[in-house]
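Step one of this worksheet: look at the structure below.
Numbering (my numbering), first residue to last: 2 to 180.
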């Protein structure tokens, strides 16, 4: 049943959380635990937590040619698509293609994901600034200004000095989107 499946997924998330929280120096094990937990959050449609786990995993310093890194970037690109962040999905796909080159078992999947994200980015309706600012349409001007200031601060590159090149590009896109 769906309830049993959901409970199993929640138990798996708890198990991966224990692995992540355990004090050890095995970066590969932590990376895999973050990735697996992200997959489970994704399956529960908890995209924000899935995104956070993918991003934390990718900040861990492991060999970028590692299969797990590619799978994590693919998952993060899919999360971006689910959240209608198509430009970010294209950036992740471009990063994957840079890493894998022209020969990889993931190339076809990434090409399709990139093509779909690019198409969706170019053909979505007029940008909804209320949605971008995360406010309601009837929000007073003071709320609009506050939302704008908060998001500007959140996505400004100076606030993220340790961000990777890919993360900085995403921040720049988000920052420009609210401008």
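Quick reminder that beta carbons are idealized off the backbone N, C-alpha and C, glycines included.
This one's a predicted model, so the numbers in the text were calculated from it and none came from an experiment.
Residues of its chain near residue 152, where Cβ-Cβ distance is below 7 Å and the 5 sequence neighbours each way are ignored: 134, 179
Secondary structure of residue 127, DSSP reduced to three states: Here residue 127 scores only 49 on pLDDT, less than 50, and its place in the model is too uncertain to base an answer on.
Minimum length 4: unbroken alpha helix (DSSP H) runs contained in the segment 15-59: 28-44
Alpha carbon of residue 28 to alpha carbon of residue 61, nearest angstrom: 7 Å
Touch test, the segment 74-84 against the segment 96-116, Cβ-Cβ under 8 Å, three pairs minimum: yes
Neighbourhood of residue 172 by C-beta, 7 Å cutoff - its chain only, sequence neighbours within 5 removed: 156, 158, 161, 164
Closest Cα partner of residue 51 within the set 19, 24, 84: 84
Run of the alpha helix (DSSP H) containing residue 151, from where it starts to where it stops: 142-156
Assumed close pair residue 114, residue 79 - CB separation to whole angstroms, cut-off 8 Å: 7 Å
Where the alpha helix (DSSP H) containing residue 61 begins and where it ends: Here residue 61 belongs to no alpha helix (DSSP H), and DSSP marks it neither H nor E.
Rounded distance between the beta-carbons of residue 58 and residue 23, thought under 8 Å: Between residue 58 and residue 23 the Cβ distance is about 16 Å, and since that is not below 8 Å, they are no contact.
Burial state of residue 25 (16 or more Cβ within 10 Å): exposed
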